[in-house]
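To keep things clear, I will list the structure first and then write my remarks on it.
Chains as they are written, first to last, in the numbering used here: chain X, 49 to 384; chain V, 49 to 384.
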């Protein structure tokens with residue numbers, strides 16, 4: 049490939065597109081299932097397992113940020129949706145919407161990150177498609193990924209299993225991804241060395257599945273921890289109480305939010321897992337989480353209350369209470 | 049939902065997004081597998097079948113055109129990729145990249161078309177995701193769909209099975225989709241009542257699978273018939289000869305191409321299937337295709353030659369020959 053930037057011809061189904069696929073995509077994503085000459089790829093599933101599927105779009109701006117890029121983010125995001133469903137991720141498909149003029153070197157860095165994240169998670173990309181849109185009709189690169197996973201048929205998880213008194217746990221500080229992307233935009237004249245938390249939560253989810261009393265898991269992405277808590281309220285009809293002093297928030301996240309008027313409880317995380325656990329098993333859940341990579345900073349952050357107040361209440365450090373309402377305005381478009 | 053146009057808040061994971069999903073998407077796409085409150089949807093596969101997966105992006109402009117819209121196009125396109133692989137489509141996932149300012153009434157027409165096309169094909173949408181990007185960072189609406197299908201384990205199809213002397217068949221006129229979309233853009237001051245051929249080719253593919261001697265099937269989308277023929281040349285090392293007098297092209301397609309300098313052999317079709325068949329079974333393949341809806345205009349269009357000339361040759365009506373080279377420039381961006 050001799051070009052340095054993407055042109056419309058890279059999306060036309062002809063020679064340029066074939067070169068882009070063969071010389072860049074296949075180079076980084078090759079695996080036993082990926083065959084770029086077929087319409088549909090054959091995949092294999094195991095008998096005795098339930099099959100799960102999830103799909104996600106990614107539009108993060110900028111495309112590269114401290115701690116990751118849109119490619120690693122897409123792989124982690126899709127793996128995480130399967131992981132919190134209790135499934136073992138098995139296969140990925142990948143769509144690219146490339147804007148004319150994207151630097152091919154940048155595209156290659158992103159595709160390479162997809163390759164690394166997919167190999168790390170042992171989840172091959174088995175099918176893909178590429179479209180190129182004209183300058184001014186895209187955002188550099190948008191991705192859509194679909195993931196398939198298998199779950200042992202006896203696993204039962206869901207918001208409907210949540211009971212009064214259950215505790216909420218999280219595996220680390222919240223809002224790092226949202227804040228890191230915000231800083232990477234450099235539009236506020238702020239800089240910092242905060243990194244996105246973008247990572248797979250698969251190991252943590254698997255550790256939690258070994259614990260009795262696990263009710264439900266979710267990754268707090270768009271809309272952050274407050275939105276996951278509000279979803280629990282909506283689904284169960286019970287209140288959720290979070291303790292401000294227990295919710296880990298890094299200092300740079302806190303100060304950027306203070307300066308710009310954002311609320312860290314609504315900022316996206318991309319490597320966090322919120323678990324809801326029977327209170328009698330909270331201690332063993334916590335130690336299970338802390339034994340795996342990415343889980344050492346796990347902590348209990350709140351609990352599920354009765355149905356008298358169907359709100360998310362944040363108990364502040366000064367002893368007051370603040371309602372974390374369901375999100376209305378978009379605090380940060382193109383954050384993931 | 050009281051808004052008339054999409055705003056960034058429709059993509060933020062909060063109330064506006066939930067309303068959009070519940071009141072518009074679920075309304076048209078509801079099925080037993082779709083649960084908008086979970087991270088990953090459980091799907092079921094049958095034992096004794098091979099599982100196939102395909103994924104596609106759609107960026108067509110305009111979003112609505114005679115004969116379809118980006119929604120029906122996405123469903124048909126994905127079903128067709130599975131169909132030509134010999135599989136029975138079973139499930140779809142759907143990603144939407146919506147540009148701020150899209151009229152919600154238009155979005156609803158498109159989602160309704162997705163619902164109709166998916167129900168007609170008995171292929172439920174089991175998972176989805178929505179992202180909203182700012183004005184000027186999208187094209188109104190881009191879609192990405194992933195499809196899963198099952199194929200009887202004893203079916204064997206592929207370009208590697210193609211032999212010298214095999215014949216090529218197509219189920220109807222070529223270039224209708226590309227030309228209809230081109231006319232719908234109205235940028236050339238041309239108008240016409242030509243409709244896109246966007247449709248499922250599943251029934252035709254199934255009819256062909258009943259015939260002995262079927263080697264390979266493909267749907268000629270981006271890059272058109274000429275690109276499928278060039279792929280066969282590249283994969284087999286043999287020439288392909290098409291007979292101009294046998295390739296059906298509608299008069300409006302021919303005249304628009306003449307006027308604007310396009311070549312109908314490279315224009316996208318979205319409801320056409322090219323089959324390669326053992327010459328001894330060509331007649332029965334042709335009658336099988338002609339018995340099903342969408343296949344009555346099926347015809348033999350060419351044959352596979354020896355390996356002396358690795359080209360696609362078009363035998364013109366005047367007895368000359370024209371080489372249909374692999375596509376380089378993009379004749380029509382955002383055609384599908």
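Where a beta carbon is used, it is the ideal one built from N, C-alpha and C, also for glycine.
query: Interface residues of chain X facing residue 179 of chain V [CB-CB closer than 7 Å]; result: 105 and 107
query: Closest Cα partner of residue 268 of chain V within the set V:303, V:67, V:313 and V:110; result: V:313
query: Neighbourhood of residue 107 of chain V by C-beta, 7 Å cutoff - its chain only, sequence neighbours within 5 removed; result: 187, 190 and 382
query: Residue nearest to residue 307 of chain V in terms of C-alpha spacing, selected from V:231, V:152, V:132 and V:185; result: V:231
query: Residues of the region 152-179 of chain X with Cβ closer than 8 Å to any Cβ of chain V, in chain order; result: 174, 175, 176, 177, 178 and 179
query: Residue 274 of chain V beta carbon less than 9 Å from that of residue 375 of chain V; result: yes
query: Closest residue to residue 180 of chain V among V:68, V:371, V:333 and V:225 (Cα-Cα distance); result: V:68
query: Cα-Cα separation between residue 197 of chain X and residue 168 of chain V, rounded to whole angstroms; result: 28 Å
query: From V:287, V:259, V:50 and V:380, residue whose alpha carbon lies closest to that of residue 329 of chain V; result: V:259
query: At least three beta-carbon pairs within less than 8 Å, the region 246-261 of chain X to the region 330-341 of chain X; result: yes
query: Option nearest residue 104 of chain V by Cα separation, candidates X:109, X:113, X:89 and X:118; result: X:89
query: Stretch pair the region 277-289 of chain V + the region 140-160 of chain V: three plus CB contacts closer than 8 Å; result: no
query: Environment of residue 138 of chain V [buried if 16+ CB atoms lie within 10 Å]; result: buried
query: Within the region 147-179 of chain X, ranges of the alpha helix (DSSP H) (whole runs, at least 4 residues); result: 152-168
query: Sub-9 Å separation of residue 119 of chain V and residue 225 of chain V beta-carbons; result: no
query: Closest Cα partner of residue 117 of chain V within the set V:165, V:100 and V:70; result: V:165
query: Contacting residues, own chain, Cβ-Cβ under 7 Å from residue 113 of chain X (five flanking each side not counted); result: 228, 229, 232 and 244
query: Outcome for residue 241 of chain V when other beta-carbon atoms lying within 10 angstroms are tallied against a minimum of 16; result: exposed
query: Spatially closest choice to residue 322 of chain V from V:380, V:364, V:293 and V:262, by CA coordinates; result: V:262
query: Start and end residues, beta strand (DSSP E) containing residue 98 of chain V; result: 97-106
query: Coil, strand or helix - residue 291 of chain V by DSSP; result: strand
query: Cα-Cα separation between residue 64 of chain V and residue 156 of chain V, rounded to whole angstroms; result: 15 Å
query: Residues near residue 41 of chain X in its chain [Cβ-Cβ closer than 7 Å; skip 5 each side]; result: Given a span of 49 to 384 for chain X in the structure shown, any question on residue 41 of chain X remains unanswerable.
query: Residue 194 of chain V, enclosing beta strand (DSSP E) - first and last residue; result: 189-200
query: N-terminal and C-terminal residue of the beta strand (DSSP E) that residue 249 of chain V is part of; result: It is not in any beta strand (DSSP E) - residue 249 of chain V carries neither H nor E in the DSSP assignment.
query: Proximity below 9 Å, CB of residue 142 of chain V to CB of residue 334 of chain V; result: no
query: Cβ-based neighbour list, residue 371 of chain X, same chain, cut-off 8 Å, excluding 5 preceding and 5 following; result: 359, 360, 361 and 362
query: For residue 210 of chain X and residue 250 of chain X, believed in contact at Cβ under 8 Å, the rounded distance; result: Actually they are not in contact, since the Cβ atoms of residue 250 of chain X and residue 210 of chain X sit about 22 Å apart, beyond 8 Å.
query: Residue 305 of chain V to residue 223 of chain V span [Cα, whole Å]; result: 9 Å
query: Cβ of residue 101 of chain V within 9 Å of any chain X Cβ; result: yes
query: Closest by C-alpha distance to residue 193 of chain X, when choosing among V:121, V:350 and V:102; result: V:102
query: Closer than 9 Å to chain V by CB, residue 52 of chain X; result: no
query: CB contact check: residue 347 of chain X to chain V, cutoff 9 Å; result: no
query: Within 9 Å, strictly: CB atoms of residue 176 of chain V and residue 126 of chain V; result: no
query: Nearest-angstrom Cα separation, counted from residue 215 of chain V out to residue 302 of chain V; result: 24 Å
query: Helix, strand or coil at residue 310 of chain V [DSSP, three-state]; result: coil
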